[in-house]
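First to last, the protein sequences are chains A and B.
Mapped onto my numbering, the consecutive letters of the first sequence carry residue numbers 13 to 229.
Mapped onto my numbering, the consecutive letters of the second sequence carry residue numbers 7 to 174.
For each residue, glycine too, the CB sits at the ideal point set by N, CA and C.
Following: one structure in structure tokens, then a few remarks.
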Amino acid sequence: MYKIFSKNNNRKERLLTGFTLIEALVAISLLMIAISSPMMLAQKGLSSSILSRDQMVATFLVQDGIEAIKNVRDYTAINQNASTTYSPNTERDWLFDLGDCICDELEGDECDLANDDAKYCNVDSTDGLNVSSQDLLESAGPIYASFNDGFFQKYTHTVTSGNLTKFSRKINIKVSTSNLQEAELRVRVYWTSPYGIQNIETKTFMYNFESKLIPEV
Amino acid sequence: MINLKLKNNKGFAMLFAVLISSMLITVGVSIFNISIKELMISGSVRDSQAAYYAADSAAECFLYWNYVGPGSVFSYCTGASCLELVTINCNDNDISFDVTRGPINSFVIADDSQKFRYSTDPNSDIQPEANIEVTKEIDGTIRTVADFFGYNTGISGRRVERYYQRTI
């Protein structure tokens, strides 16, 4: 009787020991699923946060490009009458300082900035509004960041003044064929993200009206 | 007595596991939700920028025709010889304004149906567009008040509108 009882007890113990291992394995796997799902959600969420931050930066870099180009256009309009080299009321000379940016499809230029062989220029709003031609830029208009006053990040195309950021910018101007006083300005900022290459492109039109407002010297 | 205690404690692990799991999932979903909202906000900034520059393009076009256009198309005029229809051209689109005279020494050049249109993507129907509304105000001096309504029917499916006014 004792023996039988003892034997049964041992078997029970053996069974219980095995069950604990299976139980533990099941529990661990359930725990893994339970933890990994929210972790993945959180990770995806953080990636989206980074993407949204980059989108904001890129949007303002596009705006920076547009405003800088318009500033150069205005500078030309203000100074044009003092110089004999331009005649901005005629043809394209109102874009005299933006010559590197003009893309002419009739001359065989590729104007769609989404294409790798598109003609483009760039402008440095933090460095005297210098317009640089495609040839002077390394690869495709990379943007560098440097810290101004140790706090605000300043974006520039000047290689020596900062660290390379993930952003690149391309700008071009297409003069209307029907009205030489009308030009289409396109700015494209793009960067590589975990979701692939992202871009933000904005288009606006510029007109040559300011030269009429400034009396001739 | 011991058995009773054990019986009462049974299911605790399950309850605890469900509690922890639901807490973790809630935290994960919350972070994800916040990030999606952030993404929507930054998408709106991008769409809003397109709308703003549509309005800005319309403003540039208006200023060009105001200063450079033949015979100053938007100039103040009284009498029978005045234009009933003013037409300007922006981005190869003719934009016509019906000239309607207001009751108190003013007239309005406005037509909401005419739009300054342009597209960032030529193959897309989604276009940032702008309406121009011009008003002449005669209050001692003659002023031209132009309103520009730029809007974008949204890459993220939400309409964004930016408006600004120039008085010259």
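Could you work out which residue in the options is closest to residue i when comparing CA atoms only?
i	options	result
residue 204(A)	55(A), 66(A), 58(A)	66(A)
residue 219(A)	68(B), 50(B), 60(B), 25(B)	68(B)
residue 31(B)	138(A), 48(A), 123(A)	48(A)
residue 157(B)	18(B), 59(B), 33(B)	59(B)
residue 148(B)	46(B), 47(B), 174(B), 135(B)	174(B)
residue 129(A)	135(A), 91(A), 182(A)	182(A)
residue 135(B)	154(B), 72(B), 146(B)	154(B)
residue 65(B)	143(B), 24(B), 95(B), 47(B)	95(B)
residue 186(A)	136(A), 117(A), 210(A), 135(A)	117(A)
residue 42(A)	71(B), 47(B), 61(B), 24(B)	24(B)
residue 208(A)	60(A), 141(A), 84(A), 143(A)	60(A)
residue 51(A)	172(B), 99(B), 28(B)	28(B)
residue 71(A)	56(A), 180(A), 195(A), 193(A)	180(A)
residue 111(A)	91(A), 84(A), 58(A)	84(A)
residue 70(B)	193(A), 210(A), 106(A), 202(A)	193(A)
residue 113(A)	202(A), 201(A), 195(A)	195(A)
residue 170(B)	34(B), 43(B), 146(B), 61(B)	61(B)
Contact criterion: CB-CB distance below 8 Å. Does residue i meet it with respect to chain B?
i	result
residue 219(A)	yes
residue 74(A)	yes
residue 71(A)	yes
residue 131(A)	no
residue 186(A)	no
residue 88(A)	no
residue 67(A)	yes
residue 51(A)	yes
residue 60(A)	yes
residue 78(A)	yes
residue 107(A)	no
residue 36(A)	no
residue 192(A)	no
residue 216(A)	yes
With DSSP as the reference, label residue i as helix, strand or coil.
i	result
residue 113(A)	helix
residue 131(A)	coil
residue 233(A)	Coverage of chain A is limited to positions 13 through 229, which leaves residue 233(A) absent and any answer about it impossible.
residue 136(A)	strand
residue 74(B)	coil
residue 147(B)	strand
residue 182(A)	strand
residue 62(B)	helix
residue 175(A)	strand
residue 123(A)	coil
residue 207(A)	coil
residue 217(A)	strand
residue 171(B)	strand
residue 190(A)	coil
residue 82(A)	helix
residue 53(A)	helix
residue 99(B)	strand
residue 159(B)	coil
residue 141(A)	coil
residue 142(B)	strand
Ignore the nearest five residues each way along the sequence and tell me which others in residue i's own chain have a CB closer than 7 Å to its CB.
i	result
residue 222(A)	86, 89
residue 54(B)	166, 168
residue 19(B)	none
residue 137(A)	76, 80
residue 172(B)	65, 152
Would you say residue i faces chain A, with C-beta separation under 8 Å as the test?
i	result
residue 35(B)	yes
residue 165(B)	no
residue 59(B)	yes
residue 118(B)	Residue placement at residue 118(B) cannot be trusted, given a pLDDT of 46 that sits under 50; the coordinates are not used to answer.
residue 49(B)	yes
residue 56(B)	yes
residue 102(B)	no
residue 138(B)	no
residue 45(B)	yes
residue 151(B)	no
residue 31(B)	yes
residue 66(B)	yes
To the nearest whole angstrom, what separates the beta carbons of residue i and residue j, a pair I think is in contact under 8 Å?
i	j	result
residue 125(A)	residue 191(A)	So it is not a contact: roughly 22 Å between Cβ atoms.
residue 56(B)	residue 214(A)	6 Å
residue 54(A)	residue 37(B)	5 Å
residue 101(B)	residue 138(B)	7 Å
residue 63(B)	residue 189(A)	The pair is not a contact, with the Cβ atoms about 17 Å apart (cut-off 8 Å).
residue 140(B)	residue 103(B)	7 Å
residue 115(A)	residue 109(A)	Going by Cβ atoms, the distance from residue 115(A) to residue 109(A) rounds to 16 Å, so no, they are not a contact pair.
residue 73(A)	residue 167(A)	6 Å
residue 212(A)	residue 52(B)	6 Å
I'd like the list of long-range same chain contacts for residue i, defined as Cβ closer than 6 Å, with 5 residues on each side in sequence excluded.
i	result
residue 63(A)	205
residue 198(A)	125, 184, 215
residue 93(B)	100, 102
Applying a beta-carbon distance threshold of less than 8 Å, which residues of chain E neighbour residue i?
i	result
residue 57(A)	Protein chains A and B are contained in the structure displayed, whereas chain E is not.
Whose C-beta lies closer than 8 Å to the C-beta of residue i among residues of the same chain, with five residues either side of it excluded?
i	result
residue 142(A)	135, 136
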